Amino acid sequence: MHSHVVVAVDGPAGSGKSSVSRASAIALGFDYQDTGAAYRAFALHALQTAVDLDDADAIVGALPSFRYAIEIDPHRASSVTVDGVDVTDEIRTPRVTGAVSHVAKVPEVRRYMVDLFRRVIASTDKAGIVTEGRDITTVVAPDAQVRILLTASEEARMARRSAEVTGQSAEETARQLSTRDRLDSKVVDFMTAAPGVSTVDSTHLDFDQTVQAVVELVQTSTPTS
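With the numbering used here as the guide, the letters of the sequence shown map in order to residues 602 to 826.
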């Protein structure tokens with residue numbers, strides 16, 4: 602167990618994991634880790650090094666040259682660098698979004714990322730850290746003091762993701778989200794809460810209400826926080 606509080610937030614794309622987790626971390630005075638940013642950054646790295654995204658061995662071969670860093674202070678918007686270059690905005694482009702599932706489905710990549718995420722969790726010097734992404738509650742931080750599955754209906758998730766992603770139509774955003782769900786579901790069950798994981802369904806909650814639900818859950822689960 603960590604000496605600080607670890608809050609693990611899982612859930613499908615478009616459920617609000619990133620924005621809700623960041624705001625919750627600010628409210629709690631915790632650090633914040635967006636694990637999806639690492640997968641996006643690695644997808645960008647693979648694209649920049651002309652890796653064949655249909656070749657799992659080639660993807661794994663790109664891991665040793667992947668130099669990744671992320672800012673975990675939630676007030677600094679999770680700025681991401683690869684090889685010392687700020688790629689915070691670039692990893693959110695449609696080009697990278699379309700490549701993420703190709704790298705994320707490779708088991709060796711997922712094992713590499715699990716080790717990376719655990720090192721970041723251990724690095725915080727605050728009272729706690731909120732870490733969000735796929736399979737966080739079951740694989741990355743199964744011993745977290747608070748584990749949350751943040752869900753929402755497919756319609757709600759598509760609407761939210763469409764508002765987040767720039768440079769493409771709502772139809773293309775919906776298609777990519779559905780494809781991402783289908784591919785990721787082959788690797789991890791991100792829609793069913795594992796034993797001991799609390800579910801927060803944000804379908805009918807606005808942003809502030811969802812953040813409040815998460816913060817209250819953390820506070821009641823960790824009275825000393």
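C-beta: ideal position from N, C-alpha, C; glycine also.
Quick caveat, the model's predicted, so the values are computed rather than measured.
Compare the Cα-Cα distances from residue i to each of the options and report the closest residue.
i	options	result
A657	V707, D744 and V741	V707
L654	T738, S679, D690 and V701	V701
M714	R668, A651 and Q810	R668
G637	H805, D674, Q813 and V704	V704
V686	G699, P695, R696 and A670	A670
R623	V688, T823, F808 and S666	F808
F631	S754, V652 and S724	S724
A659	D674, F643 and P613	F643
A814	G699, E733, V741 and V621	V621
V798	S604, L648, P695 and D736	D736
S755	H805, D684 and P665	Sequence inspection shows Glu at residue 755; the Ser mentioned does not correspond to that position. Of H805, D684 and P665, the residue nearest in Cα terms is H805.
R677	S666, D684 and T689	T689
H605	R758, D744, Q810 and P695	D744
With residue i and residue j assumed to form a contact (beta carbons below 8 angstroms), what rounded beta-carbon distance in angstroms separates them?
i	j	result
A663	T682	Going by Cβ atoms, the distance from A663 to T682 rounds to 17 angstroms, so no, they are not a contact pair.
S803	G617	5 angstroms
V741	F718	5 angstroms
T752	G612	6 angstroms
L750	T800	5 angstroms
Where do the N-terminal and C-terminal ends of the beta strand (DSSP E) with residue i fall, by residue?
i	result
G729	G729 to E733
For residue i, I'd like the list of residues in its chain whose CB is within less than 6 angstroms of its CB, leaving aside the five on either flank, ordered along the chain.
i	result
E709	V661
V608	V731, V747 and V819
G734	T636 and G637
A757	T804
Using a Cβ-Cβ cutoff of less than 8 angstroms, which residues in the same chain neighbour residue i once the five nearest sequence positions on both sides are dropped?
i	result
I673	D632, Y633, Q634, S679, V721, S724, T725 and I730
I692	A638, R641, A642, A644, L645 and V681
To which residues of the same chain is residue i closer than 7 angstroms at the C-beta, ignoring the five residues directly before and after it?
i	result
V816	S625, A628 and L629
A647	L654, I660, A663, A700 and V704
The alpha helix (DSSP H) spanning residue i covers which residue range?
i	result
S724	P708 to S724
V812	F808 to S822
L629	K618 to L629
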